[in-house]
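Note sheet for the following structure.
Residue numbers (the numbering used here): 4 to 195.
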């Protein structure tokens with residue numbers, strides 16, 4: 004029987020799940036193909052960050068609640084996505100009196116590019132590009148490109164950007180526990 008929270012059969016990691024605090028808000032805009040993948044690390048952000056919300060991306064019908072949040076003057080929205088010639092990245096400078104609202108595309112890189120390309124409202128958001136300090140430790144999917152981070156690692160990098168090193172460290176430990184037990188659990192072994 005698998006754990007109803009973490010989903011692992013033999014290696015429950017709920018005992019290492021931190022409860023984080025952060026003044027920023029995190030939005031996971033999830034591609035439909037990503038929803039039920041057991042390798043999805045967005046769930047780690049959703050479980051640990053109190054102000055993390057998940058919305059399902061739809062090309063034709065964008066989530067209205069998300070559009071309302073993006074237009075709410077109390078928030079300063081940022082799309083976490085690499086810049087290009089038409090959409091340069093902005094340096095992160097919080098506007099006093101607003102709450103940073105980070106939109107993280109919870110998808111493969113190919114799916115994420117499609118989401119931005121097919122959603123003008125998304126492409127119009129100010130872009131924030133991360134300059135990762137470390138290479139990705141994510142090894143649960145094939146064909147990962149150098150310099151790319153998984154969803155949870157992007158959340159860790161955002162916490163570091165927000166000068167929340169303790170929160171980032173706790174989330175990194177949780178991500179490491181998830182990664183370490185994943186293969187052992189799927190093959191029916193207990194992680195030693």
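Idealized CB from N, CA, C, for every residue including glycine.
(request) Give the secondary structure of residue 55 by DSSP, where H, G and I count as helix, E and B as strand, and everything else as coil. (result) Taking the chain shown and counting its residues from 1, the one referred to as residue 55 is at position 52. Three-state result, residue 55: strand.
(message) I need the straight-line Cα distance from residue 3 to residue 105, nearest angstrom please.
(response) The structure shown has nothing for residue 3, since the chain only spans 4 to 195.
(request) Tell me whether residue 63 sits in a helix, a strand or coil according to DSSP, three-state version. (result) Sequence index remark: in the chain shown, residue 63 carries index 60 (1-based). DSSP places residue 63 in coil when its eight states are reduced to three.
(message) On the CB-based measure, 16 or more other CB atoms within 10 Å of its CB, does residue 144 come out buried or exposed?
(response) As a first step, residue 144 is located in the chain shown; it is residue number 141 there, counting from the start. Residue confidence is low: residue 144 scores 45 on pLDDT, short of 50, so the model does not pin down where it sits. Its coordinate-derived value is still stated next. So residue 144 counts as exposed.
(message) Beta-carbon within less than 7 Å of residue 11's beta-carbon, same chain only, minus the 5 sequence neighbours each way: which residues are those?
(response) Start at 1 with the first residue of the chain shown, and residue 11 comes out as number 8. Once the five neighbours on either side are set aside, the close Cβ partners of residue 11 are 5, 184, 188.
(request) Ignore the nearest five residues each way along the sequence and tell me which others in residue 9's own chain have a CB closer than 7 Å to its CB. (result) Within the chain shown, the letter at position 6 stands for residue 9. Closer than 7 Å at Cβ, skipping near neighbours: 15, 16, 17.
(message) Going by beta-carbon coordinates alone, are residue 76 and residue 132 separated by less than 7 Å?
(response) Numbered from its first residue, the chain shown carries residue 76 at position 73. Numbered from its first residue, the chain shown carries residue 132 at position 129. No, these two residues do not count as a Cβ contact at 7 Å.
(request) Compare the beta carbon distance of residue 84 and residue 28 with 7 Å and say whether it is the shorter of the two. (result) On the chain shown, residue 84 is found 81 positions in, with the first residue counted as 1. On the chain shown, residue 28 is found 25 positions in, with the first residue counted as 1. No; because the gap between Cβ atoms is not below 7 Å, this pair is not in contact.
(message) Quick check on DSSP: helix, strand or coil for residue 178?
(response) As a position in the chain shown, residue 178 is number 175, starting the count at 1. Here residue 178 sits in helix by DSSP.
(message) Just to confirm my understanding: we take residue 114, look at its own chain, exclude 5 residues before and 5 after, and list those with CB closer than 6 Å. What are they?
(response) Residue mapping note: residue 114 aligns to position 111 of the chain shown, counting from 1. The answer, listed in chain order, is 34.
(message) At the level of alpha carbons, what is the spacing between residue 111 and residue 7?
(response) In the chain shown, residue 111 corresponds to position 108, counting from 1. In the chain shown, residue 7 corresponds to position 4, counting from 1. Straight-line Cα distance between these residues: approximately 25 Å.
(request) Indicate the three-state DSSP secondary structure (helix, strand or coil) for residue 98 in the structure shown. (result) For the purposes of this step, residue 98 is identified with residue 95 of the chain shown, where counting begins at 1. Here residue 98 sits in coil by DSSP.
(message) If you measure between the beta carbons of residue 103 and residue 94, is that distance less than 7 Å?
(response) What you label residue 103 is simply residue 100 of the chain shown in a count that begins at 1. What you label residue 94 is simply residue 91 of the chain shown in a count that begins at 1. A distance of 7 Å or more separates the beta carbons of residue 103 and residue 94.
(request) On the DSSP bridge assignment, give the partners of residue 80 in chain order. (result) As a working note, residue 80 is residue 77 in the chain shown. In DSSP, residue 80 forms a bridge with 104.
(request) With a threshold of 16 other CB atoms inside 10 Å of the CB of residue 26, please say whether the residue is buried or exposed. (result) Numbered from its first residue, the chain shown carries residue 26 at position 23. By the neighbour-count rule (16 or more Cβ atoms within 10 Å), residue 26 is not buried but exposed.
(message) So, with DSSP's three-state summary, where would you put residue 154?
(response) Position 151 of the chain shown, counted from the start, is the residue given in the question as residue 154. DSSP places residue 154 in helix when its eight states are reduced to three.
(request) Measure the C-alpha to C-alpha separation of residue 206 and residue 170 and round it to an integer number of angstroms. (result) Residue 206 is absent from the structure shown; the chain starts at 4 and stops at 195.
(request) Please name the residue or residues paired with residue 92 in a DSSP beta bridge. (result) In the chain shown, the residue the question calls residue 92 occupies position 89. Answer is 130, bridged to residue 92.
(request) Kindly identify the DSSP beta-bridge partner or partners of residue 28. (result) Along the chain shown, read from residue 1 onward, the residue named residue 28 stands at position 25. Bridge partners of residue 28: 104.
(request) Name, in chain order, the residues that DSSP records as bridge partners for residue 109. (result) Looking up residue 109 in the chain shown gives position 106. Under DSSP, residue 109 shares a beta bridge with 33.
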